[in-house]
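Q: One structure, pasted below without further comment.
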Amino acid sequence: MTTLFDPIQLGAIDAKNRILMSPLTRARGTRAHVPTAIMAEYYAQRASAGLIISEATGISREGLGWPYAPGIWSQEQVEAWKPITRAVHDKGGKIVVQLWHMGRMVHSSVTGQQPVSSSATTAPGQIHTYEGKQDAEQARALTREDISRILGDYEVAARNAMAAGFDGVQIHAANGYLIDEFLRDSTNHREDEYGGSPENRIRFLREVTERVIATIGADRTSVRLSPNGDTQGCIDSAPETVFVPAAKLLNDLGIGFLELREPGPNGTFGKTDQPKLHGPIREVFRNPLVLNQDYTREEAIETVANGTADAIAFGRKFIANPDLPRRLAENLPLQTDNIKTWYSRGEEGYTDYPFYDKE
């Protein structure tokens, strides 16, 4: 019987266990979106994960609106990532970078540009900025020329990721950001070949994935989707008609693995009564499937053992437990993270959580 603690092949990546560290925005970069030295210590501490998926990382100035989040579009950023990936590898770990375009979820005070999206819509609520939260602004609908330019940004980011020493990339196509805004009918009101039918709304995801694959190979490419529920005002009225075909497309393209973030009725990051889709997606996606969202130790062990998924990605548990795989394997107590330090600037709540020291 396969266990959560067995190794797994994720495309070209040999993972030593099936416990993945999911992307966690921590805002320890510079205002110019350059990674910093403390990030090397943070990620190296968590190198016992089968695979680390980095915090969401901007592919362009236009697409990165989160204060102090890192990017990977410039040579300066590439050079700053190199000691981070080296530190993880020196500890025997593997790490991929999550490529991020935030779409309409940015504010012009951060990027210097009007936000963009599949259509001219406005996100609900407020947006993180350097001056605190501000009301979301209306996005500009992308033109075909814009789309072509952004595909080029993904290509550059994927090439830079390999130059920076990452083991691969994950395309962020979830959580109400740009690709997700194309996928779902609440945000995609286009009348051209990128809107309307599910096949058309999947087109941008397909083109991004094909471009990244052409740049670094399918076996070093993965994708994250969030098929069910509302995230940041982004929801679909019939998600099975969109996300199952999308998963089939990704299967046919041969990506290394697919991660699904699926909230439930009591989710800690969004709640929804829309059913989870990992069952029908499992039927069409044959490479490793990774599930994410509020899994307990017992649920994670059972989900892998019964074949529902091949691995489980944990987020918040990795914040306070750098040695999470050991704690799960030995059923050791878990520490609780401090939400007040998620996006703060120093080591408190970042690199100062202790390892379990009792033998």
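Residues 125 to 483, numbered by the numbering used here, are exactly what the sequence shown covers, in order. Glycine included, each C-beta is placed from N, C-alpha and C at the ideal position.
Is DSSP giving V220 helix, strand or coil here?
A: DSSP places V220 in strand when its eight states are reduced to three.
Q: In chain order, what residues of the same chain have a beta carbon less than 8 Å from the beta carbon of E492, not counting five sequence neighbours either side?
A: Because the chain in this structure spans residues 125 to 483, residue 492 falls outside the shown range and cannot be described.
Q: Looking at C-alpha atoms only, which residue of K464, G403, E261, A164 is the closest neighbour of I507?
A: For residue 507 there is no data in the structure shown, the boundaries of the chain being 125 and 483.
Q: Please go through the same chain and pick out, in chain order, the residues whose beta-carbon is closer than 7 Å to the beta-carbon of E331, but skip the five residues on each side of it.
A: Hits under 7 Å: L275.
Q: Say whether the stretch 401-420 touches the stretch 383-390, bearing in mind that this needs 3 or more beta-carbon pairs closer than 8 Å, one atom from each stretch.
A: Counting Cβ pairs under 8 Å, three or more are found: they touch.
Q: By the DSSP assignment, the alpha helix (DSSP H) with G182 in it spans what residues?
A: Segment 175-182 is the beta strand (DSSP E) holding G182; no alpha helix (DSSP H) there.
Q: Determine the closest residue to H296 out of D447, I463, E383, A136, with distance taken between C-alpha atoms.
A: Selected option, being the one with the closest Cα: E383.
Q: Evaluate contact between the stretch 131-145 and the stretch 289-303, counting only Cβ atoms and requiring at least three cross-stretch pairs below 8 Å.
A: With the cut-off at 8 Å, the stretch 131-145 and the stretch 289-303 touch.
Q: First and last residue of the alpha helix (DSSP H) that includes A444?
A: Taken as a continuous stretch (DSSP letters only), the alpha helix (DSSP H) holding A444 covers 440-444.
Q: Would the stretch 257-265 and the stretch 229-247 be scored as touching if the rule is three or more Cβ pairs under 8 Å?
A: A contact exists between the stretch 257-265 and the stretch 229-247.
Q: Whose CA, out of R185, E279, S350, lies closest to the CA of Q398?
A: Nearest option by C-alpha distance: S350.
Q: Taking its Cβ as the centre, do 16 or more other Cβ atoms sit within 10 Å of P446, making it buried, or is it exposed?
A: Its Cβ being crowded by 16 or more others within 10 Å, P446 is buried.
Q: Report the rounded CA-to-CA distance for S198 versus N455, giving the unit in angstroms.
A: So the alpha carbons of these two residues sit roughly 43 Å apart.
Q: Grab the span of the alpha helix (DSSP H) containing F367 for me, first residue to last.
A: Taken as a continuous stretch (DSSP letters only), the alpha helix (DSSP H) holding F367 covers 363-377.
Q: Using the rule of at least 16 other Cβ atoms within 10 Å of the residue's Cβ for burial, across every protein chain shown, is F479 buried or exposed?
A: By the 10 Å Cβ count, F479 comes out exposed.
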